[in-house]
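Residue numbers are given in the working numbering: position 99 of the sequence shown equals residue 1138, and the series is strictly consecutive.
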Amino acid sequence: MSYKVLSRKYRPKTFSEVVGQENVLTILKSFIKTDSIPHALIFCGSRGVGKTSLARIFAKTINCPELREDKICSDCSICSEIDESKSLDVIEIDAASNNGVDQIREIIESSNYSSINCKYKVFIIDEVHMLSKAAFNALLKTLEEPNKNTIFILATTEVERIPLTILSRCQMINFKTLNKGVLANHLKNVCSKEKITIDDESVSLISEESKGSARDSLGILEQLMTSLDRNIDVENARKILGTTSNQILFRISRNLLTSDIKECLKDYSVITKNGYDSKKFIHSLLNYFRSAIYYKLEIHNEVNDIVAIEESEKKELLKYDIELFENLFDELIKLYELCNKTENIKFIIESNLIKLCLVSNYLNFNEIVDSKEIKEEILTTEERVENAQKDKIDKVQKEESVKQKKNPKITTKAFDKSVLLKNLKELKDENHKLLIDCDFKLEGKTINIETKNNLLYGILKEDEKIEKISKLVNEIFTDTFIIRISLGSKKEEKSESGDFKFNEKKDKLFESETMKNLFSTFDCRVLDIEKEK
Ligand SMILES: [Zn+2]
1040 MSYKVLSRKY RPKTFSEVVG QENVLTILKS FIKTDSIPHA LIFCGSRGVG KTSLARIFAK
1100 TINCPELRED KICSDCSICS EIDESKSLDV IEIDAASNNG VDQIREIIES SNYSSINCKY
1160 KVFIIDEVHM LSKAAFNALL KTLEEPNKNT IFILATTEVE RIPLTILSRC QMINFKTLNK
1220 GVLANHLKNV CSKEKITIDD ESVSLISEES KGSARDSLGI LEQLMTSLDR NIDVENARKI
1280 LGTTSNQILF RISRNLLTSD IKECLKDYSV ITKNGYDSKK FIHSLLNYFR SAIYYKLEIH
1340 NEVNDIVAIE ESEKKELLKY DIELFENLFD ELIKLYELCN KTENIKFIIE SNLIKLCLVS
1400 NYLNFNEIVD SKEIKEEILT TEERVENAQK DKIDKVQKEE SVKQKKNPKI TTKAFDKSVL
1460 LKNLKELKDE NHKLLIDCDF KLEGKTINIE TKNNLLYGIL KEDEKIEKIS KLVNEIFTDT
1520 FIIRISLGSK KEEKSESGDF KFNEKKDKLF ESETMKNLFS TFDCRVLDIE KEK
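Take a look at the structure:
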């Protein structure tokens, strides 16, 4: 028997062998059970999550007289032909290489003939978003006038590239990206069947590296199995995969947060000396920072792909401000994109590590400038009067709230941001931390929540999150509001006091230890710092 690579050998052949797609299975099984199979389906999801495998299994299940739900077919010709891509009734097309109108016309032509051996004729078009415009138009005509017993399954990783006219005629099935736990179980299963010795850390490393794809996870396992003679340990696995250890990631993160340029560059030289992949290192660092932000916001349990950070390291990292994390995270995303384009990856990373240290130092100055004393100095007389009045009102409100303390929920009809935040704080609700820096705009019964950065926007825009916030808002206020989340632009300092602040920051930056280190390390001088336009 010829050797089969693991990803082919363990490609699921029945519904019960599919991992991590419970929702999809429920939907597909119910189509079969109720005998209401749509004539066009779109399978969308990232690569390697089982779209085409499930399309085949679905085609087998609706055509094989024996295969039902979890029952395994005892090798009928229909199933084995589909498995080997030899069936005349279940036709697979890769749109990435057959994207022209002629190929689609051929399919349409053949869809007019009834099936030969099977009840249903099934067309599986993989990477359907690659079709040309003319090809999509031709396909649309067929979808508009479907033949009885002909089914189209369109698989795609980029559903947004499919014309709406096509989408509206298909039943959409969303595939989940597999989480690390599901992948780890899958890998352990395969290892025990294949008699591969592997430690837990390596399993977790492979799950992380395969980014939610079952196919990729088995590809990586295969690579390690072959190189390490079926005996996989994390140290060697890291060397082969070129991934940086969490200890180094922690050290660099801490040095970035404390603006220690020297140590950052030293750590990076260790990475390059050991032959680790620089681009992967930046990706791992990004992931590490992202995870730290989730820990900081205390919502790490709500997402699956969080890097496990050791307790002592977590404690040390979480001392720093969320704003600092977010800014470094933003810069790291840009750096990662840059790594994909450049040939001088080492220099680019070195220069950017320095820049990142300066970014965190710059932010520390923001803190100083934003401190109360300095703010007071910048204020005009009018602003001082206004502040004094505000303090007075705050005092009255504080006294009132003391009176109401026994009943923390203030219920009023009119929406008020401060009332909302106060309640969330008292309820110790995690959303308090997320919403505190957002802008709230009320339009009729709609509350527009404007976030100031991409990361927060990403977290808040999730349907589940919006639902939670809506529920809280509608509990606190005795009225029904609709919540909308949008991404606003970052605050800009335009006014004179903004320039004043900038100059002050600039002066402090010049005198800083970081700059002194920079000058001595590179034997250079900075002539001026310009404000970003
Ligand atoms: Zn069969």
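Idealized CB from N, CA, C, for every residue including glycine.
Where residue i sits in the DSSP three-state scheme
{"i": "Arg1254", "result": "helix"}
{"i": "Thr1381", "result": "coil"}
{"i": "Ala1134", "result": "coil"}
{"i": "Asn1188", "result": "coil"}
{"i": "Lys1533", "result": "Residue placement at Lys1533 is poorly supported in this model, since its pLDDT is 44, which falls under 50; the coordinates are not used for a value here."}
{"i": "Ala1194", "result": "strand"}
{"i": "Glu1105", "result": "coil"}
{"i": "Asn1313", "result": "coil"}
{"i": "Phe1175", "result": "helix"}
{"i": "Ala1079", "result": "strand"}
{"i": "Ile1279", "result": "helix"}
{"i": "Gln1210", "result": "strand"}
{"i": "Thr1517", "result": "coil"}
{"i": "Arg1293", "result": "helix"}
{"i": "Glu1337", "result": "coil"}
{"i": "Glu1482", "result": "strand"}
{"i": "Thr1065", "result": "helix"}
{"i": "Leu1526", "result": "strand"}
{"i": "Phe1054", "result": "helix"}
{"i": "Ile1271", "result": "strand"}
{"i": "Thr1490", "result": "strand"}
{"i": "Val1346", "result": "coil"}
{"i": "Lys1461", "result": "helix"}
{"i": "Val1229", "result": "helix"}
{"i": "Thr1265", "result": "helix"}
{"i": "Ile1201", "result": "coil"}
{"i": "Ile1432", "result": "helix"}
Distance, residue j Cα to residue i Cα
{"i": "Lys1445", "j": "Thr1519", "result": "Confidence at Lys1445 is low in this model, with a pLDDT of 42, below 50, so the placement of that residue should be treated as unreliable; the coordinate-derived value is given next. For Lys1445 and Thr1519, the distance between alpha carbons rounds to 25 Å."}
{"i": "Leu1288", "j": "Ser1085", "result": "27 Å"}
{"i": "Leu1206", "j": "Ile1081", "result": "8 Å"}
{"i": "Leu1295", "j": "Tyr1334", "result": "18 Å"}
{"i": "Leu1374", "j": "Ser1390", "result": "10 Å"}
{"i": "Tyr1307", "j": "Lys1545", "result": "28 Å"}
{"i": "Lys1452", "j": "Leu1481", "result": "13 Å"}
{"i": "Asn1188", "j": "Pro1104", "result": "16 Å"}
{"i": "Ile1522", "j": "Asn1151", "result": "49 Å"}
{"i": "Ile1237", "j": "Ser1284", "result": "17 Å"}
{"i": "Asp1272", "j": "Glu1183", "result": "55 Å"}
{"i": "Leu1377", "j": "Ile1384", "result": "8 Å"}
{"i": "Leu1357", "j": "Ala1331", "result": "7 Å"}
{"i": "Glu1506", "j": "Arg1200", "result": "28 Å"}
{"i": "Glu1148", "j": "Lys1125", "result": "19 Å"}
{"i": "Arg1277", "j": "Val1221", "result": "21 Å"}
{"i": "Lys1394", "j": "Glu1365", "result": "15 Å"}
{"i": "Arg1254", "j": "Ser1171", "result": "28 Å"}
{"i": "Phe1368", "j": "Gly1497", "result": "13 Å"}
{"i": "Gly1483", "j": "Ile1361", "result": "32 Å"}
{"i": "Phe1404", "j": "Val1044", "result": "A caution first: Phe1404 carries a pLDDT of 49, below 50, which makes its placement in the model too unreliable to give a value."}
{"i": "Asn1501", "j": "Glu1341", "result": "Note that residue 1501 is Glu in the sequence shown, not Asn. The alpha-carbon atoms of Glu1501 and Glu1341 are separated by roughly 12 Å."}
{"i": "Ile1338", "j": "Lys1467", "result": "13 Å"}
{"i": "Thr1490", "j": "Ala1134", "result": "39 Å"}
{"i": "Ile1117", "j": "Lys1099", "result": "7 Å"}
Inter-residue CB distance, residue i and residue j (contact presumed, cutoff 8 Å)
{"i": "Ser1323", "j": "Thr1282", "result": "6 Å"}
{"i": "Phe1214", "j": "Val1398", "result": "Their Cβ separation, rounded to whole angstroms, is 38 Å, which puts Phe1214 and Val1398 out of contact at 8 Å."}
{"i": "Ser1249", "j": "Ile1235", "result": "No, Ser1249 and Ile1235 are not in contact; Cβ-Cβ is about 16 Å, not under 8 Å."}
{"i": "Val1229", "j": "Leu1257", "result": "7 Å"}
{"i": "Val1063", "j": "Ile1212", "result": "6 Å"}
{"i": "Val1242", "j": "Leu1226", "result": "5 Å"}
{"i": "Ile1488", "j": "Ile1515", "result": "Rounded, the Cβ-Cβ distance is 15 Å, inconsistent with contact."}
{"i": "Ile1096", "j": "Asp1128", "result": "About 15 Å separates the two Cβ atoms, so there is no contact after all."}
Contact test: residue i Cβ vs ligand 1 heavy atom, cutoff 7 Å
{"i": "Cys1112", "result": "yes"}
{"i": "Ile1117", "result": "yes"}
{"i": "Cys1103", "result": "yes"}
{"i": "Lys1099", "result": "yes"}
Heavy atom of ligand 3 within 7 Å of residue i beta-carbon
{"i": "Glu1061", "result": "Among the ligands present in this structure, namely ligand 1, ligand 3 is not found."}
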